[in-house]
Each structure stands twice: as structure tokens, then as C-alpha cells.
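For the first sequence, the working numbering gives the first residue as 580, with consecutive numbering after it. In what follows, a single structure is set out as C-alpha cells and then discussed.
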Amino acid sequence: MRVYATDIVKKEGEEIELIGWVHARRDHGKLVFIDLRDRSGIAQVVFPARGGSLPDGGRGAPGENASTDNAGDLRLEYLVKVGGEVKKRPAKMVNDKIPTGAYEVSAASLEILSKSEALPISVDGDGYDIDEEVRLKYRYLDLRRERLRRNLIVRGKVVKFIRDYLSQRGFIEVETPLLTKSTPEGARDFLVPSRTQKGKFYALPQSPQQYKQLLMVAGIEKYFQIARAIRDEDTRGDRQPEHTQLDLEMSFTTPEEVMSLVESLFTEMMETFFPEKKMKTPWPRVPYSEAMKKYGTDKPDLRKDKNDRDEIAFAWIVDFPNFELDKQTKEIQPVHHMFVQPKEGSVELIDKDPLKMTSTQYDWVCNGCELASGSMRITDPELQMKVFKLLRMSEEKAKKDFGHLLEAFTYGVPPHGGIAPGIDRLLMILLGEPNIREVVAFPKTGDFRDPMMGTPSDVDEKQLDELGIKIVKD
RNA sequence: GCGGGCGUAGCGUAGCCUGGUUUUAUCGCGCCUCCUUGUCAAGGAGGAGAUCGCCGGUUCAAAUCCGGUCGCCCGCGCCA
């Protein structure tokens, strides 16, 4: 019966089978030890003397161990299947440094399932000191290391927790398209050329924003999606060309309800998976103006001790202005996006003094990092059109780009709002990682490449012809 | 686009400031051969592996100094 390495502590005296990689080998000639690693962790396997038995009496008479005679051929990262008995180690041979250190598997059989060349990178250790280009080229090896395996496992658990939590509360998970429409506002789009409509393009979604609002018009009422948001803007340590958000939207809701939902969801998540973190509850609320005045930023770091790895300072920033002036162009632009509902009493200001308007926006921040922006949305087509115009969009352009939304709002639109917390950034902070790439299975480099896949790549002339595309080299 | 840091075997590094006991470029891990019955950073003996990112210059002599160039990382701009 196959057992995971870390489960041997529960199997003393039993005949078991381990399958995993040779993480380390210590060959004493007639006696060979390996650390066998599988997805659970590490267990020591001891191979008996070749042609003999173990000093402690071992397994059976000489000759019975013939099936482990190839133990001396083992090399790092060979994939092996080992059969044997789980034994408690004598007291002075216990290794306190590993969780399975009080036990070991006394091997009776060994099968080499797959050999390995010497690895280009070590998968032992945390890997931080290895050139990242090489780590990414051999990501499938890099992911073998304990730290990254743990990151993927925790990520999977957190996402499942979110899904369960929201599903239990009546939310419906809906997938929205990846092939969508380019709108020149906001971030730069990744474009996908259309073959069937030569000369036209799809855009990959910067966020499912419009779709989720249309789902509210459809009457879904409570929507969420673990959604990819894709933006063609330069990267940072906490920014990738594509990242994952918990996108959610509710009808007949209030900022209070959204904030309280997110707060209880993630508080419970923290208690479940990160009980060691010190977190203030309820999360403080800081008005935008106060944050700017006191901290000079709308994503203040509210930790008391910034060197404390376990301190997590979640907070809400509220009472954002609707609009601000671009620092360079001095043109008016939305603080969040152009679908944000102004606060009650602020709406009338749009004709007189739009910069004085306060919005329903609320941001979730953590340790000086923005984790999410959310708001109530505009549902009045007239007000929405006013916003478009305020942002110097012609009525024709607005109807061309957003006519579907404006029209949808004429068919019985529920008031709605939502939020979209960034999963990668949250995990980066909680796992104490210095970079978002450490919590993403297959991330891209700072200049958008994947050294493993060789992305982006040239394409065949034929593919370009079908799309009606000619490459202009400068 | 701008600013900063880095580039020496498969990986991590020393040497660079102050050019020459480096004519044969340091050390650790990994790799290969042999020895080794209790290791867990196993140990012992031996060995292979580097056009010092690339191009050019200065010099009797360049990993080292100078110029250019390429690549990566971090930050700014940008990211509704």
C-alpha cells in the first residue's frame, strides 16, 4: 500500500510502499540511506547491507535482500518505489530536524521508476539565491522545492476555502469570456487577432467588470469567479501581466455588506490557514483624506512593527473622491473606474464640481499594499453617460464602446456593487514572499517572457496570413 | 522611457578597488571513479568541468582599467 512520506509516523511496524524522488543519498557502501521526497515531505529510507542483513537483526536472512542490491546505483532525483517496514529509530539516531525523524523505512525492495540527469538547479533549500532566469527555465524542477510546493498547496487550499465559503452563502460561480472587447480606457489591452473577422481584434479581459454587472442585470444576484485579470502594463515585484482575482458582485447590496462579507471570509480563512498571524479585528476603517494626510498614501502600512513577519494589518480605506486630476496631463480621470456610483448627495456635484464628489469606493489594503478595490456601481444610464462625457468621451464613442451596458440598464437593473481582491498579492504577503512570482506556478519574467516555454514566440507565416497580419520590423 | 544593482564551471561564490607568484582563476554544492555498516551538511582518496556575458580599446601583460553593447533583477513612470 502506498503511503506518503510524512505519514510513516502513523505506520510503525507496517509493511508499506513509498514512491518519491531521491532527495539526498548517503552511501556508506554496504549501508545506504536516502531521503525520499514526495509531495508530503521527506522520509529516510535505509537499505540493508548488500548480501547481508541489517545490524539490528534487520530483515531476514542473507540473500533475501537481493532486491535492494541496486541501492548503490541511486542518484539525486531518481524516482523510486521502495517497499519495506516502518521502524522506530533508536533514540540516538532520531533526527529532530525533520517531522518524520523518529521513524525510517527499512527497505526490502527497490524499484527505480525513472532515472534523472544531474539537475541544473538544486531543489534543496529555498532557492532565493539562484538566478531567476534559470529557475523559471526549469520551473518544473524549481517547483519541487519545499517552499514552492507549500506555496502551491496553500494557494489551492485558500482558493477552495473561498469557493466553499461563497457557495455556501448563495453565490454562483460564473465563468466570463477570455475573448472580449478592447476599450482604450484604463490599462493597455492584450489583443487577440480575429481570423474569421479579419482585421478585427478581441482583447483579453483586464477584469470581468462589465460581465459581472451584466450578470446582475441577468438576475444572478450573487456572483463570484476566481478570475484572471490581464493587463499589458510593465511589471513589478507585486505585478504580473496576468493575475488572479476573487471577482465578486452582489445585487441589492451596500458597501457595508460587501466589506463585512470580505472581512468575515478572509478573517475565517486566516484563522484556518494562518493562525500564527497577528491580525487586528475588526479591520480599521480609514477615510481616504485621513490616509493621505497622515500617511501620504491611499494604501497605508498600519503595522506597528514592520519587522514582525507575523503582523498583518488589514484595513479598509473609504470615502474616496470619485475623480482626480492626472498628475501630468491635468485631465480629469476616475480614481477607480468609470462605473463607480457616487455617494448619496454627491451625484448633483457632477455638473458643478466633479472633483468634490465622494464615491462609494472602498479599498482593502494590507501592510502598505492594495489588495482590492470595490464600489457600488452606477445603474442610471443617464448618470453613466454624464460620467463618460465628463471623461471627454463623445456620446457616439460611449455608445459604441458601452452601448450594451447602457442599454442593459434600461431593462430593470438591480442596484449592485462588488469588489475584486487580488489572490496572488494576498498570498505573497501571507506566505512572506518577496515577490509575486513565488506564489504563481508558472509566472513570467519582468519583460513578460516564460523562459521555459519560450513565450512569446514567432508564429508561422501561414498563421499570420490567415489573420491578415504583416509584421513590420523596425 | 528613466534611475539603481548584478553578470566568473550545472548552481552558488572568491579574486576586480590597487593589472603581473592566477605560466596552471578560489572555494562550497552537484557530477564521475574508488573506499566506507548508522548517516541525516555523512566521511576518506582521486578526477572532470570556466572561451571570467559579448565587442572593441589602453598596456610588454586585462577577470581586473576605459568605451560600447547585450541580458537579468529592483524601483519610478505606467497599472481605469
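Every residue, glycine too, gets a C-beta built ideally from N, C-alpha and C.
field: 9 angstroms Cβ cutoff met for ILE809 and LEU827
entry: no
field: Where the beta strand (DSSP E) through HIS602 begins and ends
entry: 594-606
field: Bridge-paired residues (DSSP) for PRO921
entry: SER938
query: Is the segment 655-666 touching the segment 695-704, taking contact as three or more C-beta pairs under 8 angstroms?
result: yes
First and last residue of the uninterrupted alpha helix (DSSP H) at GLU1045: 1040-1046
- prompt: How many angstroms separate the CA atom of MET580 from the CA atom of ASP606?
  reply: 27 angstroms
Of the residues ILE1048, LYS676, GLY680 and LYS922, the one placed nearest VAL624, counting alpha carbons only: GLY680
message: Within a Cβ cutoff of 7 angstroms, which residues of the same chain sit near GLY1047, ignoring the five residues on either side of it in sequence?
response: LYS777 and GLY778
- prompt: Roughly how many angstroms lie between the CA atoms of GLU847 and ASP880, to the nearest whole one?
  reply: 22 angstroms
message: Just to confirm my understanding: we take ILE929, look at its own chain, exclude 5 residues before and 5 after, and list those with CB closer than 6 angstroms. What are they?
response: LYS965
message: For GLY1001 and GLN824, what's the separation of their Cα atoms in angstroms?
response: 4 angstroms
field: Unbroken beta strand (DSSP E) run spanning PHE902, endpoints
entry: 902-904
- prompt: Just curious, the alpha helix (DSSP H) that ARG734 is in, first and last residue?
  reply: 725-747
message: Going by DSSP in three states, PRO669 sits in which element: helix, strand or coil?
response: coil
message: With a threshold of 6 angstroms on Cβ separation, who are the neighbours of SER786 within its own chain once the five nearest residues in sequence on each side are excluded?
response: ALA808
- prompt: What's the gap between the Cα of GLU754 and the Cα of LEU794?
  reply: 11 angstroms
field: Cβ shell of SER693 (< 8 angstroms), same chain only, five flanking positions each side left out
entry: TYR657 and LEU658
task: Classify ALA1020 as buried or exposed, calling it buried when 16 or more other Cβ atoms lie within 10 Å of its own Cβ.
output: exposed
message: Measuring only the C-alpha atoms, how far is PRO820 from ALA797?
response: 30 angstroms
- request: Using alpha carbons as the reference points, say which of GLU961, THR989 and CYS948 lies closest to VAL1054.
  value: This structure cannot settle anything about residue 1054, because the visible part of the chain is limited to 580 through 1053.
field: Unbroken alpha helix (DSSP H) run spanning TYR802, endpoints
entry: Here TYR802 belongs to no alpha helix (DSSP H); instead the beta strand (DSSP E) covers 801-809.
query: Among ALA650, VAL611 and PRO678, which one has its Cα closest to the Cα of TYR583?
result: PRO678
field: Pair within 9 angstroms by beta-carbon distance, PHE967 and GLN789
entry: no
task: Going by CA-CA distance only, name the one from VAL897, GLN912 and ILE896 that's closest to GLU903.
output: GLN912
message: Using DSSP's beta-bridge definition, name the partner residues of VAL625.
response: PHE612 and SER685
- request: Indicate whether the contact test is met: 3 or more Cβ pairs, each with one atom in the segment 984-994 and one in the segment 764-775, closer than 8 angstroms.
  value: no
field: Beta-carbon spacing of LYS801, ILE741 below 9 angstroms
entry: no
task: Quick one: residues in its chain with C-beta nearer than 6 angstroms to the C-beta of ASP898, no 5 flanking neighbours on either side, listed in chain order?
output: PRO866, TYR867 and THR937
task: Go ahead and pull the three-state DSSP assignment for GLY631.
output: Only weak support is given to the placement of GLY631: the predicted model assigns it a pLDDT of 45, under 50, and the value that follows is read from those uncertain coordinates. The answer is coil: DSSP assigns GLY631 none of H, G, I, E or B.
Burial state of ARG723 (16 or more Cβ within 10 Å): buried
query: Taking DSSP as the reference, what is the three-state secondary structure of GLY996?
result: strand
task: Find out if the Cβ-Cβ distance for the pair GLY662, GLU594 is shorter than 9 angstroms.
output: yes
- request: Please state whether DSSP places LEU827 in a helix, a strand or coil.
  value: strand
message: By DSSP's criteria, THR958 is part of a beta bridge. Which residues make up the other side?
response: Looking at the DSSP assignment, THR958 forms no beta bridge with any residue, so it has no partner.
message: Suppose contacts are defined by Cβ-Cβ distances below 9 angstroms. Is LEU969 in contact with PRO933 by that definition?
response: yes
- prompt: Taking only runs of the beta strand (DSSP E) that begin and end inside the segment 809-876, which ones reach a length of at least 3 residues, in chain order?
  reply: 821-830 and 864-866
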